[in-house]
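This report refers to the structure that appears directly beneath it.
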Amino acid sequence: MDITNRFLTSKEGQFVTVRKLCGKLNLCTVPHQGGEKNDLLVQIHTDDEKKQLAFSFKHPDGHYSPKVVSIESGSRYTLQLEKIDNPTDLTKNHRFEKVDIKSSEHYGLRSVVEPKQYLHAKCRNHIHVIQISGTDSDCIAVTDVPQVS
Numbered sequence: 003m004d005i006t007n008r009f010l011t012s013k014e015g016q017f018v019t020v021r022k023l024c025g026k027l028n029l030c031t032v033p034h035q036g037g038e039k040n041d042l043l044v045q046i047h048t049d050d051e052k053k054q055l056a057f058s059f060k061h062p063d064g065h066y067s068p069k070v071v072s073i074e075s076g077s078r079y080t081l082q083l084e085k086i087d088n089p090t091d092l093t094k095n096h097r098f099e100k101v102d103i104k105s106s107e108h109y110g111l112r113s114v115v116e117p118k119q120y121l122h123a124k125c126r127n128h129i130h131v132i133q134i135s136g137t138d139s140d141c142i143a144v145t146d147v148p149q150v151s
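Final position of the sequence shown in the working numbering is 151; the numbers increase by one with none missing.
See below:
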């Protein structure tokens with residue numbers, strides 16, 4: 003797996019990052035409002051052979067990766083952030099594949115575990131929190147951009 007440091011941005015120009023909301027870490031989109039932009043860097047773990055991606059988001063107490071997990075005996079699924087110490091900790095539940103959403107350089111992200119789940123943003127208290135959905139109709143459009151010195 004290749005690892006690159008990039009920014010993950012939404013079609014609306016917001017950065018995908020980890021923030022603590024209501025006492026819990028969440029994956030969300032935020033505008034860049036000055037400060038240290040490198041805090042918004044994401045490690046993207048790419049498996050070109052399988053065309054899969056996994057993400058590692060920096061947070062003050064470590065790196066976190068979104069992971070699709072089943073709840074209620076597998077009848078429902080949710081997106082959780084899991085603290086990872088090493089890229090080898092990433093399992094197939096952390097991996098996503100790019101989905102063509104007919105939006106030029108932007109793409110959607112779908113989990114590789116069955117049933118396939120799409121990342122989408124839901125507005126909660128004026129913050130767009132990223133969750134999962136079984137349909138691609140409201141899939142968040144993202145792109146990754148290189149770090150510019």
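For every residue, glycine included, the Cβ atom is placed at its ideal position computed from N, Cα and C.
Where residue i falls: helix, strand or coil (DSSP)
| i | result |
| --- | --- |
| His34 | coil |
| Asp91 | helix |
| Leu27 | strand |
| Leu83 | strand |
| Leu42 | helix |
| Pro148 | strand |
| Asp49 | strand |
Residue range of the beta strand (DSSP E) that includes residue i
| i | result |
| --- | --- |
| Ser105 | Phe98 to Ser105 |
| Pro159 | In the structure displayed, the chain extends from 3 to 151; residue 159 sits before or after that span and is not available. |
| Cys125 | Tyr120 to Arg126 |
| Gly110 | His108 to Ser113 |
| Ser135 | Ile129 to Ser135 |
| Ala56 | Gln54 to His61 |
| Asp4 | Asp4 to Ser12 |
Cα-Cα separation between residue i and residue j, rounded to whole angstroms
| i | j | result |
| --- | --- | --- |
| Arg8 | Lys118 | 25 Å |
| Thr19 | Val114 | 21 Å |
| Leu121 | Leu55 | 13 Å |
| His65 | Phe59 | 5 Å |
| Val101 | Thr48 | 15 Å |
| Ser151 | Val71 | Confidence at Ser151 is low in this model, with a pLDDT of 47, below 50, so its placement is unreliable and the value that follows should be read with caution. For Ser151 and Val71, the distance between alpha carbons rounds to 37 Å. |
| Thr6 | Val44 | 8 Å |
| Asn127 | Gly25 | 14 Å |
| Gly76 | Asn95 | 14 Å |
| Gln16 | Leu42 | 10 Å |
| Pro89 | Met3 | 9 Å |
Sub-8 Å separation of residue i and residue j beta-carbons
| i | j | result |
| --- | --- | --- |
| Leu29 | Pro68 | yes |
| His108 | Val147 | no |
| Ile132 | Thr80 | no |
| Ile46 | Phe57 | yes |
Whole-Å CB distance - residue i paired with residue j, under 8 Å assumed
| i | j | result |
| --- | --- | --- |
| Ile129 | Leu23 | 6 Å |
| Lys53 | Glu99 | 6 Å |
Cβ of residue i within 8 Å of any chain C Cβ
| i | result |
| --- | --- |
| Tyr109 | Protein chains in the displayed structure number just one, and chain C is not present. |
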